[in-house]
Amino acid sequence: MSDFDYDLFVIGGGSGGVRAARVASATGAKVGLAEEFRMGGTCVIRGCVPKKLMVFASEYQEMFADARAYGWDVSDGTFDWSKFQGRMHAELERLEGIYRKLLANSDVTIHDSRATVSGPHEVTLADGSTFSAKHILVATGGRPVLPDMKNADLGITSNDIFNLPELPKNILIVGGGYIASEFACILNGLGVAVTQFYRGAQILRGFDDEARGLVSEMMIEKGVNLHLGTNVLEMEKREGGIWVKCTNGSEAVFDQVMFATGRTPNTDGLGLGDVGVDIGRRNEVVVDDYSQTKVPSIYAIGDVTNRVQLTPVAIREGMAFVETVFKGNPTKVDHDLIPSAIFTQPEMGTVGLSEEDASEQEAVEIYATSFRPMQTAFAEKPDRVLMKLVVSKATRTVLGCHIVSPHAGEMIQLAGIAIKMGATKEQFDATCAVHPTISEELVTMRDPVRTA
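Last residue of the sequence shown: number 452 in the UniProt record's numbering, and the count goes up by one each step with no gaps.
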């Protein structure tokens, strides 16, 4: 018999925490899990899933226009936010129920409560009850934050967008990362007049310059009023909405202002520092390669560690934790060559090094093509796509792949397998093309467009 109430106590019911709890329980461990809000975490309840449903909804406006060009009689293209919102929340409730059922079927004890760490082997729930645990896993994720400025609380964040009682007629989105850019495209597609401010020279900082440049260009083409090198200077509540003065001196009134200017790990008030866990300057739990904190019995995974903030990464970290702690197989998480997608319109898929990062490390060849795809060219639309490979001159290994195109997320998943395996440009070339497709360009680009 164990001297502890639980072999593992997980704080946080998101994708990473739930997976770790279930897999640990399957080894015979006694597992408890506490979640203070709703099971599923950011991804299921207020992130990936509802956002992607909104992406789907926002794409139909263009589909109707394309359908007319293809001979279809599409008479009604109106959007009912309340109807969509009701179905969206019903789907989120269904998914939360699945998470709960999975935990119950795995013999994980659920505590619907906030939990804090009150000792190296102890957690305390909101009602004051305490439990001892041989191991504690912190998987509390992160949250969006408002900027430090006067009247910032007049704005909303991505957490709030799914619960708006009605769609605004116009909105200002502040930020240039993937969350800001995705919601700019989503709301624009739903018929909202969207203005986007970003203080930098180009949106999607950190991604390949050529790819993000095309995304920016196409967003403007589709109607997003994008202002680069611009930020909010002042804002206040006025009749008719929220008055905003920006850094270039212009003024406007918006129904809503959404800030997508940063996220922070959920470590506040968890008691981690009091028991000796190191908290970094960005509020993150500091862990080693095995997700272990300075306190040997306490581990952390997912966004609360501020490593790679992606749901599949949190799940992999949870699996590696169980391998290490409960299966006696020390396992590091491989954070290299992780494919990702940005669900702007058009989408961007990326894996590996950007041209800029790769060229700082070694001499590279760039294979790229940009063209109007058949489907939208037929509808006489100006849409363009980009297919790009970054190749090492010395080894011929494909170091990076960047796609701007409809369904880029689906394409990059498969390209990511080849690149993770270390495929060379010649192996790409030896693969027969699937014609006619956009993705065939990945295996038909024979000559580099430049070296770097």
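No residue lacks a Cβ here, since even glycine has one placed at the ideal position from N, Cα and C. The structure presented is a predicted model; accordingly, all values stated were derived computationally and were not measured.
Please report the straight-line C-alpha distance between residue i and residue j, rounded to a whole angstrom.
i, j, result
"G176", "V44", "23 Å"
"G201", "N231", "A small correction: the amino acid at residue 201 is Ala; Gly does not occupy that position in the sequence shown. C-alpha separation (whole angstroms): 12 Å."
"N105", "R263", "33 Å"
"S340", "T424", "21 Å"
"L187", "I315", "30 Å"
"P373", "A69", "15 Å"
"R205", "A211", "11 Å"
"H402", "A152", "36 Å"
"A115", "A394", "53 Å"
"G280", "V286", "6 Å"
"G213", "P382", "16 Å"
"T157", "E317", "27 Å"
"K222", "Q61", "11 Å"
"W243", "E236", "5 Å"
"I173", "G229", "14 Å"
"L414", "D3", "47 Å"
"E284", "Y178", "21 Å"
"I438", "I417", "18 Å"
"V224", "V325", "49 Å"
"A90", "G41", "16 Å"
"F79", "E217", "26 Å"
"F37", "S113", "8 Å"
Quick one: what's got a C-beta closer than 8 Å to residue i's C-beta in the same chain, skipping five residues either side?
i, result
"E356", "D208, D209"
"S58", "C185, I186, L187, N188, G189, L190, Q345"
"F64", "V74, G77"
"E362", "S392, K393, A394"
So residue i and residue j are supposed to be a Cβ contact under 8 Å. How far apart are they, rounded?
i, j, result
"V18", "L102", "7 Å"
"L137", "L8", "6 Å"
"R238", "V253", "6 Å"
"residue 455", "F162", "What is shown of the chain runs 1 to 452, which leaves residue 455 out entirely."
"G16", "G302", "4 Å"
"G142", "G12", "About 11 Å; that fails the 8 Å criterion."
"M387", "E347", "Actually they do not touch by this definition, with Cβ atoms about 13 Å apart."
Skipping 5 residues on each side, what residues in its chain have a beta carbon closer than 6 Å to that of residue i?
i, result
"T444", "A433"
"V108", "A21, S25, V31, L33"
"R384", "S370, R372"
"D5", "F131, S132"
"T451", "E365"
"Q309", "D303"
Within a Cβ cutoff of 7 Å, which residues of the same chain sit near residue i, ignoring the five residues on either side of it in sequence?
i, result
"E360", "none"
"I419", "L337, V351, G352, V398, C401"
Which runs of the beta strand (DSSP E) at least 3 residues long sit entirely within the segment 96-137? Give them in chain order.
109-111, 115-119, 122-125
Quick one: any contact between the segment 81-97 and the segment 192-208, if contact means 3 or more CB pairs under 8 Å?
no
Residue ranges of each beta strand (DSSP E) within the segment 234-271, 3 or longer
241-246, 251-254, 256-259, 263-265
So within the segment 360-422, which uninterrupted beta strand (DSSP E) runs reach at least 3 residues, ignoring any that extend past its ends?
364-371, 385-392, 398-404
Take every Cβ of the segment 321-335, pair it with every Cβ of the segment 351-370, and state whether three or more of those distances are shorter than 8 Å.
no
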